[in-house]
């Protein structure tokens with residue numbers, strides 16, 4: 078029962094010794110990272126047929142593990158519902174929340190979280206049945222909309238209809254699967270979540286071609302990994318792991334060609350790969366941390382294309398998530 | 002001179018010391034947990050306190066007894082959830098007792114078929130987890146009923162689809178509130194008064210008054226008078242399909258119907274067992290004595306057996322009523338916006354887990370204590386009085 082789990086997490090929050098060891102030290106000692114992911118959203122975090130977790134959020138966790146331990150498999154994945162996620166990260170049940178979580182002001186402050194750089198720029202959209210003849214979100218006046226509990230989309234939905242002076246009825250489910258099921262069974266006229274999430278769910282429907290995603294994107298949903306307040310060292314590692322993924326793409330390094338770069342004379346590349354020492358020590362990691370990320374997990378583009386890109390069933394374009402020099406807004410500060 | 006016993010040899014004083022020590026330990030642990038939590042929250046910069054209750058909630062709630070809009074406060078949203086829990090548990094308890102009572106009596110019937118069907122229902126329902134049953138009813142609802150545009154129309158103005166059952170309703174008018182209040186007042190105040198008057202008449206003067214008739218008349222006439230004074234509004238609102246959904250009328254959502262059905266059937270099975278046990282606990286001699294006096298089967302049951310069985314039935318029945326109320330928190334699984342569901346959403350949007358879980362516990366404690374207080378009072382009333 079979820080309430081029971083929530084209760085346990087609260088108890089954990091209450092009973093955790095006030096000045097427990099820092100997250101970084103605890104992870105080092107434990108030898109692996111506990112990473113909070115979804116209970117299953119294709120392309121972001123979902124177990125495959127062999128039970129191995131895959132997805133862009135999952136690979137971010139693996140990249141952090143590669144940076145810390147040189148081994149991307151030193152991660153335990155903890156599936157969390159959208160309601161459990163914050164209590165789980167606050168209470169120390171997980172070290173890192175990499176779970177399609179939108180970065181907002183209130184989460185950054187009153188929830189006691191620190192958000193690492195955005196790993197996927199998303200926006201909330203609606204999916205409807207083709208046969209209903211709806212062409213725009215503006216046609217949804219009076220509609221019943223299915224939405225998942227405790228998400229920013231639940232708020233975005235109410236805001237959008239309020240701003241456009243339209244009426245709606247929401248049906249709120251605890252789990253993403255239930256939302257999708259209810260939509261397919263026509264309990265509601267529209268299904269709303271992040272556009273990527275809609276694309277992901279649609280791949281699981283029986284007849285994906287019978288559903289369309291409406292063109293309006295009604296909110297900004299920057300999805301970012303988060304850690305709890307209280308250990309800046311750990312926060313830095315997560316932050317710079319994400320930047321390293323972007324930087325590697327910008328430098329043209331991939332998991333297959335990274336070894337060739339080791340002989341490069343470019344000072345930026347030498348610093349990045351740890352040939353010139355300094356970055357690793359500053360982060361409290363080995364000097365080959367960034368090399369390990371690229372070698373064992375890949376760069377941002379590799380992760381993107383493998384999990385949600387055009388060759389996958391989600392078929393998502395890079396769009397905003399392209400590097401800054403390719404017309405997107407992905408940008409890493411200098412790694413020096 | 003009397004010799005003073007040292008205090009450790011005085012059992013009274015000794016037990017006082019034990020109790021003091023226990024109290025100090027419990028208090029100390031409680032204080033430590035409280036301080037520790039506070040320190041943890043401050044260290045992680047997590048907001049605390051109940052200030053968020055007056056902030057704008059910003060989310061919609063699918064059904065509500067009172068008017069609610071997404072720009073209202075968390076406090077109001079929680080109130081909506083509270084009333085939704087009340088709506089399902091009060092109605093559910095009434096139906097569960099009726100169903101359980103009926104099945105309990107039927108299962109000791111001498112009719113082979115009737116008693117077997119009752120027993121079969123009890124055994125089947127009681128042994129399947131409630132959550133599964135809720136999923137079953139909810140799925141059934143969306144599978145067997147058509148989509149809103151192909152809604153069944155069994156009677157004029159009544160529509161059944163997988164979005165729920167829509168029935169015509171009286172148009173909103175202030176009189177209806179008063180009529181409802183009158184009905185409530187009659188049930189809570191006037192009927193018990195008539196009952197005790199009738200009892201007194203019988204005990205003191207030996208006169209049998211037709212109390213059932215007077216009660217029935219009061220229940221019908223009093224609201225009718227209020228309705229007539231209020232101007233006799235008769236306007237009906239007939240639901241019609243407009244755009245995506247039915248407009249007008251009164252909607253029973255599939256979530257509410259499945260939850261109510263699931264809770265009533267599940268708890269009803271347990272109550273049936275309690276009622277059966279209660280009736281069987283009455284000595285066989287009572288049946289025979291009653292028969293010897295020439296009482297009919299029905300009068301034997303209502304005048305002799307059930308009053309004695311109630312003493313056995315009431316205490317376990319109380320825990321079943323409490324169970325139904327607590328089980329209604331499973332609503333969240335099938336999208337019914339009960340208190341736990343709304344509290345979960347609020348918890349997630351504000352992140353104030355400790356406060357919200359505290360509130361949830363407080364609310365269920367209040368529900369439970371109120372129910373058990375009422376049932377204990379009733380239990381005391383019906384216990385064996387010797388004259």
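Protein chains in written order, with our numbering: chain H, 78 to 413; chain Z, 2 to 388. Beta carbons are placed, not taken as given, at the ideal position from N, Cα and C, and that holds for glycine. As the structure is a prediction and not an experimental result, all values here were calculated from the model.
Coil, strand or helix - residue i by DSSP
{"i": "residue 300 of chain Z", "result": "helix"}
{"i": "residue 110 of chain H", "result": "strand"}
{"i": "residue 171 of chain Z", "result": "strand"}
{"i": "residue 196 of chain Z", "result": "helix"}
{"i": "residue 152 of chain Z", "result": "coil"}
{"i": "residue 354 of chain Z", "result": "helix"}
{"i": "residue 383 of chain Z", "result": "helix"}
{"i": "residue 201 of chain H", "result": "strand"}
{"i": "residue 115 of chain H", "result": "coil"}
{"i": "residue 278 of chain Z", "result": "helix"}
{"i": "residue 298 of chain H", "result": "strand"}
{"i": "residue 53 of chain Z", "result": "helix"}
{"i": "residue 165 of chain Z", "result": "strand"}
{"i": "residue 6 of chain Z", "result": "coil"}
{"i": "residue 98 of chain H", "result": "Its pLDDT being 45, under 50, residue 98 of chain H is placed unreliably in this model, and the value from its coordinates should be taken loosely. Here residue 98 of chain H sits in coil by DSSP."}
{"i": "residue 124 of chain H", "result": "strand"}
{"i": "residue 156 of chain H", "result": "strand"}
{"i": "residue 370 of chain Z", "result": "helix"}
Extent of the continuous alpha helix (DSSP H) to which residue i belongs
{"i": "residue 285 of chain H", "result": "Unbroken run through residue 285 of chain H: none, as it is neither H nor E."}
{"i": "residue 143 of chain Z", "result": "131-145"}
{"i": "residue 27 of chain Z", "result": "12-44"}
{"i": "residue 138 of chain H", "result": "133-146"}
{"i": "residue 59 of chain Z", "result": "Premise fails: residue 59 of chain Z is in no alpha helix (DSSP H) and is neither H nor E."}
{"i": "residue 212 of chain Z", "result": "212-230"}
{"i": "residue 99 of chain Z", "result": "75-107"}
{"i": "residue 185 of chain H", "result": "182-186"}
Integer-rounded CB distance, given that residue j should sit under 8 angstroms from residue i
{"i": "residue 162 of chain Z", "j": "residue 180 of chain Z", "result": "Going by Cβ atoms, the distance from residue 162 of chain Z to residue 180 of chain Z rounds to 30 angstroms, so no, they are not a contact pair."}
{"i": "residue 368 of chain H", "j": "residue 319 of chain H", "result": "That belief does not hold up - the Cβ atoms of residue 368 of chain H and residue 319 of chain H are roughly 16 angstroms apart, past 8 angstroms."}
{"i": "residue 342 of chain Z", "j": "residue 332 of chain Z", "result": "6 angstroms"}
{"i": "residue 312 of chain Z", "j": "residue 384 of chain Z", "result": "6 angstroms"}
{"i": "residue 115 of chain Z", "j": "residue 257 of chain Z", "result": "No, residue 115 of chain Z and residue 257 of chain Z are not in contact; Cβ-Cβ is about 31 angstroms, not under 8 angstroms."}
{"i": "residue 331 of chain H", "j": "residue 120 of chain H", "result": "With 8 angstroms as the limit, residue 331 of chain H and residue 120 of chain H do not qualify as a contact, their Cβ atoms being about 20 angstroms apart."}
{"i": "residue 143 of chain H", "j": "residue 370 of chain H", "result": "5 angstroms"}
{"i": "residue 234 of chain H", "j": "residue 247 of chain H", "result": "6 angstroms"}
{"i": "residue 232 of chain H", "j": "residue 51 of chain Z", "result": "Contact flag wrong, Cβ pair sits at about 21 angstroms."}
Per-residue burial, residue i [other beta carbons within 10 Å of its own, 16 or more giving buried]
{"i": "residue 359 of chain Z", "result": "exposed"}
{"i": "residue 325 of chain Z", "result": "buried"}
{"i": "residue 377 of chain Z", "result": "exposed"}
{"i": "residue 374 of chain Z", "result": "exposed"}
{"i": "residue 94 of chain H", "result": "At residue 94 of chain H the pLDDT is 47, less than 50, meaning the model places this residue with poor confidence and gives no usable figure here."}
{"i": "residue 178 of chain Z", "result": "exposed"}
{"i": "residue 384 of chain H", "result": "buried"}
{"i": "residue 27 of chain Z", "result": "exposed"}
{"i": "residue 274 of chain H", "result": "buried"}
{"i": "residue 274 of chain Z", "result": "buried"}
{"i": "residue 244 of chain Z", "result": "exposed"}
{"i": "residue 322 of chain H", "result": "buried"}
{"i": "residue 72 of chain Z", "result": "exposed"}
Backbone CA spacing between residue i and residue j [nearest angstrom]
{"i": "residue 276 of chain H", "j": "residue 290 of chain H", "result": "8 angstroms"}
{"i": "residue 272 of chain Z", "j": "residue 317 of chain Z", "result": "8 angstroms"}
{"i": "residue 408 of chain H", "j": "residue 376 of chain H", "result": "13 angstroms"}
{"i": "residue 411 of chain H", "j": "residue 338 of chain H", "result": "18 angstroms"}
{"i": "residue 252 of chain Z", "j": "residue 175 of chain H", "result": "41 angstroms"}
{"i": "residue 98 of chain H", "j": "residue 169 of chain H", "result": "Only weak support exists for where residue 98 of chain H lies, its pLDDT of 45 falling under 50; the coordinates are left without a value."}
{"i": "residue 32 of chain Z", "j": "residue 186 of chain H", "result": "27 angstroms"}
{"i": "residue 267 of chain Z", "j": "residue 227 of chain H", "result": "29 angstroms"}
{"i": "residue 197 of chain H", "j": "residue 168 of chain Z", "result": "47 angstroms"}
{"i": "residue 254 of chain H", "j": "residue 302 of chain Z", "result": "51 angstroms"}
{"i": "residue 154 of chain H", "j": "residue 137 of chain H", "result": "12 angstroms"}
{"i": "residue 276 of chain Z", "j": "residue 183 of chain Z", "result": "32 angstroms"}
{"i": "residue 192 of chain Z", "j": "residue 370 of chain Z", "result": "24 angstroms"}
{"i": "residue 372 of chain Z", "j": "residue 380 of chain Z", "result": "12 angstroms"}
{"i": "residue 129 of chain Z", "j": "residue 106 of chain Z", "result": "23 angstroms"}
{"i": "residue 278 of chain H", "j": "residue 382 of chain H", "result": "18 angstroms"}
Residue span of the beta strand (DSSP E) that contains residue i, given as start and end
{"i": "residue 250 of chain H", "result": "245-250"}
{"i": "residue 225 of chain H", "result": "220-225"}
{"i": "residue 66 of chain Z", "result": "Careful: residue 66 of chain Z lies outside any beta strand (DSSP E) and carries neither H nor E."}
Contact list for residue i against chain C, beta-carbon separation under 9 angstroms
{"i": "residue 231 of chain H", "result": "Protein chains in the displayed structure are H and Z, and chain C is not among them."}
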